[in-house]
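Take a look at the structure below.
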Ligand code: 5GP
Ligand code: MN
Ligand code: MN
């Protein structure tokens, strides 16, 4: 990352009285945590802050509702059409801003805080570092450069980005710098046990029933990816309807499927309430799922990526399977 970009970013933020924040659609812990963490710090510094994400159905996922700072959120319709200063979080392309992509196009200045290797370089000030384990690591650095303190609420947001994107400090992206940042955040007094419970241990009983149905049809395709193998399953709308399970309760199913030892690749296709299939893919590192997902119209990292499909699961899987190839290097990229 260029020192000049850091300097330009701090200059723009310190000089602004109003800042508009945006993160990628269907926000995860890193996207929303990074945005709300910086948002709270900027509000405390006396700035008018509005934050949003461009989903057609605007709702914070159930497991992220514990994050502080949600009073900063406004619906996309209430978002400034031509912001003076806009900052985007965890989005590699302007398309990932969904309904708010046009606002980003009209912003006078757009600071892009991101860690995806596939980042296209959009925006006027790129704070993009693919070696960072989470976007929230870059937010911590930005706050330091702005001279703004990190209290327990801000730390809760940044820690959520760090712990979710590193898979609870298990993925290859977990460097000494990750643990050092975690130590600084935990020292503010945040409760790692409570955050973990909110994120992973509050599924409704219906989740177990749906998981049962989904595991019942899981398939191990040993021949996929030149014999590296793929395990996959799907969650249809009807599966969820049978137990009244909301779509966003199914996010963790990929983490169950990917526990399998035999295959390098794991895939879960989830049908949303509109009937589109959101596809989550993971690899142990020998296969580049990010490249295959880009070819399917999505994106992501070598080891964690996704795309949207409008075809039946078997057809989508057949096409995805044909695109799987080895990763260019065994480099340990960030995972989500
Ligand atoms: P997840 O499977 O957890 O939804 O997504 C894993 C990662 O894949 C995300 O962090 C993101 O980088 C990427 N990803 C998932 N879905 C999409 C998509 O539709 N488009 C793009 N560009 N990236 C996606
Ligand atoms: Mn993300
Ligand atoms: Mn991220």
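In our numbering, the protein residues as written are 37 to 372.
Even glycine gets a Cβ: it sits at the ideal position worked out from N, Cα and C.
Note that the structure is predicted; figures quoted are calculated from it, not measured.
Reference residue i; option with closest CA among the options
i: residue 346; options: 359, 332 and 340; result: 332
i: residue 277; options: 308, 194, 252 and 74; result: 308
i: residue 338; options: 100, 154 and 48; result: 154
i: residue 119; options: 104, 140, 100 and 133; result: 140
i: residue 100; options: 293, 279 and 234; result: 234
i: residue 143; options: 117, 133 and 168; result: 117
i: residue 231; options: 188, 283, 319 and 158; result: 188
i: residue 97; options: 340, 288, 334 and 295; result: 288
i: residue 105; options: 184, 123 and 74; result: 74
i: residue 269; options: 184, 229, 290 and 310; result: 290
i: residue 193; options: 52, 103 and 295; result: 103
i: residue 52; options: 92, 123 and 114; result: 123
i: residue 171; options: 263, 43, 319 and 201; result: 201
i: residue 263; options: 361, 42 and 158; result: 361
i: residue 176; options: 131, 115 and 42; result: 42
Backbone secondary structure at residue i - three-state DSSP
i: residue 279; result: helix
i: residue 340; result: strand
i: residue 370; result: With a pLDDT of 47 at residue 370, under the threshold of 50, the predicted position of this residue should be treated as unreliable, and no value is reported.
i: residue 79; result: helix
i: residue 243; result: helix
i: residue 184; result: coil
i: residue 121; result: strand
i: residue 40; result: helix
i: residue 94; result: coil
i: residue 165; result: coil
i: residue 234; result: helix
i: residue 156; result: coil
i: residue 173; result: helix
i: residue 126; result: coil
i: residue 70; result: helix
i: residue 266; result: strand
i: residue 136; result: helix
Cut-off 6 angstroms between Cβ atoms - residues of its own chain near residue i, not counting five sequence neighbours on either side
i: residue 78; result: 55 and 85
i: residue 71; result: 57, 59, 87 and 125
i: residue 367; result: Because the pLDDT of residue 367 is 45, which lies under 50, any placement of that residue in the model is unreliable, and the number read from its coordinates should be weighed accordingly. Nothing listed; no residue qualifies.
i: residue 357; result: 260
i: residue 286; result: 271 and 306
i: residue 336; result: 326, 329 and 342
i: residue 48; result: 121 and 145
i: residue 80; result: none
i: residue 191; result: 221, 224 and 226
i: residue 129; result: 156
i: residue 251; result: none
i: residue 168; result: 151 and 174
i: residue 37; result: 165
Residue i to residue j span [Cα, whole Å]
i: residue 161; j: residue 109; result: 23 angstroms
i: residue 63; j: residue 126; result: 9 angstroms
i: residue 255; j: residue 297; result: 13 angstroms
i: residue 261; j: residue 205; result: 27 angstroms
i: residue 166; j: residue 150; result: 8 angstroms
i: residue 247; j: residue 302; result: 16 angstroms
i: residue 66; j: residue 258; result: 33 angstroms
i: residue 243; j: residue 349; result: 21 angstroms
i: residue 323; j: residue 267; result: 13 angstroms
i: residue 107; j: residue 83; result: 14 angstroms
i: residue 373; j: residue 236; result: Missing from the structure shown is residue 373; the chain here goes from 37 to 372 and no further.
i: residue 68; j: residue 299; result: 32 angstroms
i: residue 359; j: residue 293; result: 20 angstroms
i: residue 265; j: residue 209; result: 23 angstroms
i: residue 133; j: residue 152; result: 14 angstroms
i: residue 310; j: residue 76; result: 33 angstroms
i: residue 207; j: residue 61; result: 24 angstroms
i: residue 370; j: residue 185; result: Interpretation of residue 370 is limited by its pLDDT of 47, a score under 50 that renders its predicted location unreliable; the figure taken from the coordinates is listed afterwards. Residue 370 and residue 185: Cα-Cα distance of roughly 26 angstroms.
i: residue 92; j: residue 319; result: 30 angstroms
Close Cβ partners of residue i (< 7 angstroms) along its chain, the five nearest in sequence each way excluded
i: residue 45; result: 147, 161, 163 and 178
i: residue 112; result: 88, 90, 94, 135 and 136
i: residue 363; result: 321, 322, 323, 324 and 338
i: residue 50; result: 182
Own chain partners of residue i with C-beta closer than 8 angstroms, once the 5 adjacent residues on each side are dropped
i: residue 240; result: 281 and 285
i: residue 218; result: 195, 198, 199 and 205
i: residue 39; result: none
Any chain B beta carbon closer than 8 angstroms to residue i
i: residue 212; result: Looking for chain B here will not work: only one protein chain is present.
Are there three or more Cβ pairs, one per stretch, closer than 8 angstroms when the region 347-364 is compared with the region 311-330? At 8 angstroms Cβ cutoff, the stretches touch.
I want to know whether the region 231-251 touches the region 205-217 - three or more CB-CB distances under 8 angstroms. Between the region 231-251 and the region 205-217 there are fewer than three C-beta pairs closer than 8 angstroms, too few to call the two in contact.
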